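Asks: There's a structure below that I have some questions on.
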Amino acid sequence: MLSYIIRRLLVAIPTILILIVISYVLMFAAPGGPFNSERPLPAQVLANIEARYGLDRPYLVQMADYVWNIVARFDFGPSFQYRDQNVNSIIRQGFPVTLTYGLWAFVVSVVIGVVLGVVAAIRHNTWTDYLAVGISVGAQVLPNFVIAPILVLVFTLWLRWLPGGGWNGGAWQNVIMPVIALAASYTASIARIMRSSMIEVLNSPFIRTARAKGLPTRRIILRHALKPALVPLLSYLGPAFVGMITGSFVVDMYFSTGGIGQFFVNSALNRDYPVIMGITILMGALTILFSLVVDVLYAWIDPKIRY
Amino acid sequence: MAFRTMMLAGSMLALMAGSALAAGTHPVTGEPLADNQSFTYRVLDEFPSIDPGLIQDVSGSDVARNLFEGLLNQDSEGNIVPGVAESYDVSDDGLTYTFHLRNNAKWSDGKPVTAGDFVYAWRRVADPATASEYQWYMGLMALVNVDEVMAGDLPTDQLGVVALDDHTLEVHLNEALPYFAQMVAHTTTYPVPAWAIEEWGDAWAQPGHMVSNGAYVLSERVPQEKIVMTRNAEYWDNDNTIIDTVTALIINDENAALTRYLAGELDRTDIPAGQYPSLHEQYPDQATSVPNLCTYYFNVNLTDSGNPALQDVRVREALALAVDRDVLVNNVLAGGQVPAFSLTHWAIAGWQVPEADYVGWTQAERDARAQELMAEAGYGADNPLSVEFIYNTSESHQSIAVAVGQMWKQKLGVTMTLSNMEWETFLDQRANMDYELARAGWCADYNEPSSFLDIMQSQSGYNDSKYNSPEYDALLADARTAEDPMPDYEAAEALLMRDFPVIPLYFYAEVFMLNDDIKGWPYDNAQQNWYARDFYRVAD
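If you're matching them up, the sequences are chains A and B in order. Read in our numbering, the first sequence has 56 at position 56, and its numbers run on one by one without any break. Read in our numbering, the second sequence has 588 at position 281, and its numbers run on one by one without any break.
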């Protein structure tokens, strides 16, 4: 197992390098540049700025330099758009924010999703099932850019219970609505995956055996059915987890949380190359890491899997 | 013992005086003041920079105007009033300006504000190593040697600005600029503290590092969330400042911002497109429309890569006349905008839009004339004209384009194909003259007609139509040294109104919600340059 993990981590290094190269090429292939605006900058000014950021050098040199700065000094470079920040400071300030509400959203969506899915599976084809499926379909089809304004309308404008946005250092009042908005559709997906895999497990021979032995339902579900039913969910949870902790552009934008989801999209629109690259690498590394975690968890949950 | 009692009594008194002041009345108007003297406003996006030398947008300038103070300020009508400089003299030839600095101006760390701080700041902006996007502003100020310094051919100490002593700043210009005093109210010309910049480098614009000389200091800054500014005890006019805290909340979504305004979290926010009429009806004391020195127009590609039909001035005039601008501003935009027939904004100080017969006509008369012109040019039912229009993806640009296209179709039989693209692609395509008609907007940098008219000079980098008129260029060259440049400006604008290199559609207005407890907003300042120290919050 340990050698497997080490092998996977070693493979991750070339993977990230390839990710850097492809992102770099795609970025420069996109039309426009970081310093275009309604009012084109005078040639002299543009030349100064390009010299300052080394953009006047050949692409290959720029890319090699970029990778070297990361490897040697863990420096992801300046931001072209936000002159008072650099990529490290943007990630340092923004990532804890998305990590916080992303983790909470993960916990909330897994707990509610699994419970909802299990209950629906046990009460298969009863009104409880229909209600659970109805709720999850509802949460799935309502995109978060619809949920977010509704939440603000209800909890901020009408009830005046929660602030309509901002982060405020992560105060619980500011965290609640981003978590709900982010968790809703994940919860729905988890519930549906859980429901169908639970139904399948409950119909399998070993559960019938357990029932025949006269075990109580609670024990059958928790002791025997839950673990195998979680296997299909795991492969979904890996990418979903990365998706949640790297935040959501809509949530960041609507609730002004200061998370990196917003920086990611804005930097792409502004062609802020170093910021795009920095966040892409962060997301890539997290994706690789958590797909490894999921694979390790598989081995733990499913005795058939061995590495 | 007696000493302690006295101390206690003293501090009690001070406390009482403090609260009496907080719950006091305005020293001039006598209005009752609220206990909470804060002002919170919305900005669209994270600040690219709040370093005066690097600021490149309005939101950064708004912050800098509160944190820093330049030589001169603007009052609520946009007139120049003293700032760090108490007064200034101009030499007879208009080439030398001498600013006399007040001796009680201080930085937030207690150091005096000196003429040397301005010299340092101006050299820093002009220095190519600083790579400021607003370096060109120094060129616009026509300082002696500025072009050579900006190109790196002369050291920055050759720039035409010198500190004669700590309180006297002398500026040498290459040419007389009648509007030079207006220019030093711009945030790019604000002083910056050399010692803080040298100590902290790029990180000097962060709380705890930033030293500033304005009415407020930077106390909190969270990217994509907020900036909080609090009173600067060292500010020379701190005693007359009433607002204690200024907070800029970064809220990307304007509807989210409006909801939070209505929930009482904000004192000022922008009104989303199309909602001004209903909000104005519901909150007449809060929904506000003021002129904004920007013009919205269409560029016509006048080069060979453009549409051949559009090289005919009659066709351009017909297209310009057939647009019913009242419909655009009242029904499509509905935000207090004003129909435009000229490039230069109507609200520019001292400006009179030149006469042109079609401006005074009814729309029916304009339409009739447009049809005549099209027929003369040889276009009609048997030879219909089609034009291509490009714009950057945005709902409001699209609704305007659709409305204009319908007007042209109905009145002139012209087919307009719309092509929208992402912002950067759009800029690329327009700059490469790869278009026939393109949307455009231009905003004034200073409150003077040349801020608009300069862009249509044949050599201007912003002349996206490639209008090329020696007569026009000569008028603007003459205006630079004229005693009264206005007649030149008006003649130049009249050429644009005759040749139609651009089709002006409307003058921008700024529509926003402002809490009616906040007083002192500079409604009549056409540039909307506001200083929070001029505000106060009245008690409910």
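For each residue, glycine too, the CB sits at the ideal point set by N, CA and C. In this text, all values refer to a predicted model and were calculated from it rather than measured experimentally.
List, in chain order, every chain A residue whose beta-carbon is nearer than 7 angstroms to that of B/M457.
Replies: Those are Q44, listed as they occur along chain A.
Asks: Report yes or no: do the region 773–792 of chain B and the region 621–640 of chain B share at least 3 C-beta pairs separated by less than 8 angstroms?
Replies: No, they do not touch.
Asks: In the DSSP output, which residue or residues are listed as bridge partners for B/S394?
Replies: B/S394 is bridged to B/H407.
Asks: Does A/G54 get closer than 7 angstroms to chain B when you measure Cβ to Cβ?
Replies: For A/G54, the answer is no, since every Cβ of chain B falls outside 7 angstroms of its Cβ.
Asks: Going by alpha carbons, who is nearest to B/A580 out of B/N562, B/A751, B/Q659?
Replies: Per the Cα distances, B/N562.
Asks: At what residue ranges does the region 394–470 of chain B contain a whole run of the beta strand (DSSP E), taking only runs of 3 or more?
Replies: You should have 403–408.
Asks: What does the alpha-carbon distance come out to for the pair A/T209 and A/S189?
Replies: In a straight line, the C-alpha of A/T209 is about 30 angstroms away from that of A/S189.
Asks: Comparing the C-beta of B/L328 with each C-beta of chain A, is any distance below 7 angstroms?
Replies: Since pLDDT at B/L328 reaches only 48, below the 50 mark, its modelled position is unreliable, and the value read off the structure follows with that caveat. No, no contact with chain A.
Asks: Quick one: is A/R73 near chain B, going by C-beta distance under 7 angstroms?
Replies: Closer than 7 angstroms: no.
Asks: Indicate, with yes or no, if the ligand MN has a heavy atom lying under 6 angstroms from the CB of A/M194.
Replies: The ligand MN is absent from the structure shown, which contains no ligands of any kind.
Asks: If the cut is a Cβ gap below 7 angstroms, which residues of chain B does A/G165 touch?
Replies: Chain B residues near A/G165: I558, A563, R567.
Asks: Quick one: grab the DSSP three-state call for A/M27.
Replies: Note: A/M27 maps to helix in three-state DSSP.
Asks: Going by Cα to Cα distance, which pick from A/F241, A/I221, A/F106 is closest to A/I207?
Replies: Among A/F241, A/I221, A/F106, the Cα nearest to that of A/I207 is on A/I221.
Asks: Output yes or no for whether 7 angstroms exceeds the beta carbon distance between B/P615 and A/N48.
Replies: No, the Cβ-Cβ distance between B/P615 and A/N48 is not below 7 angstroms.
Asks: Got a sec? Which residues, its chain only, sit under 8 angstroms from A/T349 by beta carbon, not counting five neighbours each side?
Replies: Because chain A spans 1 through 307 in this model, residue 349 of chain A falls outside it and cannot be assessed.
Asks: Three or more C-beta pairs under 8 angstroms: does that hold for the region 86–94 of chain A against the region 529–540 of chain B?
Replies: Cβ pair count under 8 angstroms is three or more, so yes.
Asks: Which residues in chain A have a C-beta closer than 8 angstroms to the C-beta of B/W429? List them in chain order.
Replies: Under the 8 angstroms cutoff, chain A gives no residues; its nearest Cβ is about 16 angstroms from B/W429.
Asks: Output needed for A/F264: all residues of its chain with C-beta closer than 6 angstroms, excluding positions within five of it in sequence on either side, in chain order.
Replies: Excluding residues within five positions, the ones whose Cβ falls inside 6 angstroms are I279.
Asks: List the residues of chain B that A/F95 touches, going by C-beta distances under 7 angstroms, in chain order.
Replies: Going along chain B, no residue has its Cβ under 7 angstroms from A/F95, so there is no contact; the nearest lies around 12 angstroms.
Asks: List the residues that DSSP assigns as beta-bridge partners of B/G687.
Replies: Per DSSP, none; premise fails for B/G687.
Asks: Name, please, each residue of chain B whose Cβ falls closer than 9 angstroms to the Cβ of A/L157.
Replies: The answer, in chain order, is T566, R567, L569, A570.
Asks: Below 9 angstroms on C-beta distance, what does B/I357 contact in chain A?
Replies: Correct list: D84.
Asks: Which class does B/A510 belong to by DSSP, given the choice of helix, strand or coil?
Replies: Residue state, collapsed to three classes: helix.
Asks: Which partner residues does B/T552 have in the DSSP bridge list?
Replies: B/T552 is bridged to B/S345, B/T537.
Asks: Contact between the region 707–723 of chain B and the region 663–672 of chain B: three or more CB pairs below 8 angstroms?
Replies: Taking 8 angstroms as the limit for Cβ pairs, the verdict is that the region 663–672 of chain B does not touch the region 707–723 of chain B.
Asks: Restricting to Cα atoms, I'd like to know which of B/D847, B/D841, B/V845 is closest to B/A522.
Replies: The option with the nearest alpha carbon to B/A522 is B/D841.
Asks: How is the beta strand (DSSP E) around B/M820 delimited, first residue to last?
Replies: Residues 809–821.
Asks: Taking the C-alpha atoms as reference points, what is the distance between B/G401 and B/A483?
Replies: Approximately 5 angstroms between the Cα atoms of the pair.
Asks: Got a sec? Which residues, its chain only, sit under 7 angstroms from B/C750 by beta carbon, not counting five neighbours each side?
Replies: These residues qualify, in order along the chain: L600, C601.
Asks: Compute the distance between the beta-carbons of B/Y604 and B/I810, then report whether it is under 7 angstroms.
Replies: Going by C-beta atoms, B/Y604 is nearer than 7 angstroms to B/I810.
Asks: Between which residues of its own chain and B/M793 is the CB-CB distance below 7 angstroms, once the five residues before and five after are set aside?
Replies: Taken in chain order, the residues that qualify are G657.
Asks: Between B/L650 and chain C, is the shortest Cβ-Cβ distance under 7 angstroms, so that the two count as touching?
Replies: Among the chains of the structure shown, chain C does not appear; the protein chains present are A and B.
Asks: Compute the distance between the beta-carbons of B/F807 and B/R676, then report whether it is under 7 angstroms.
Replies: Cβ distance not < 7 angstroms, so B/F807 and B/R676 don't count as in contact.
Asks: Using Cβ-Cβ distances below 7 angstroms, what residues of the region 117–148 of chain A are close to chain B?
Replies: If the cut-off is 7 angstroms between Cβ atoms, the region 117–148 of chain A has nothing near chain B.
Asks: Which same chain residues, not among the five before or five after B/T788, have their C-beta less than 8 angstroms away from its C-beta?
Replies: So the qualifying residues of the chain are E482, A483.
Asks: With DSSP run on the structure shown, which of helix, strand or coil describes B/A564?
Replies: Note: B/A564 maps to helix in three-state DSSP.
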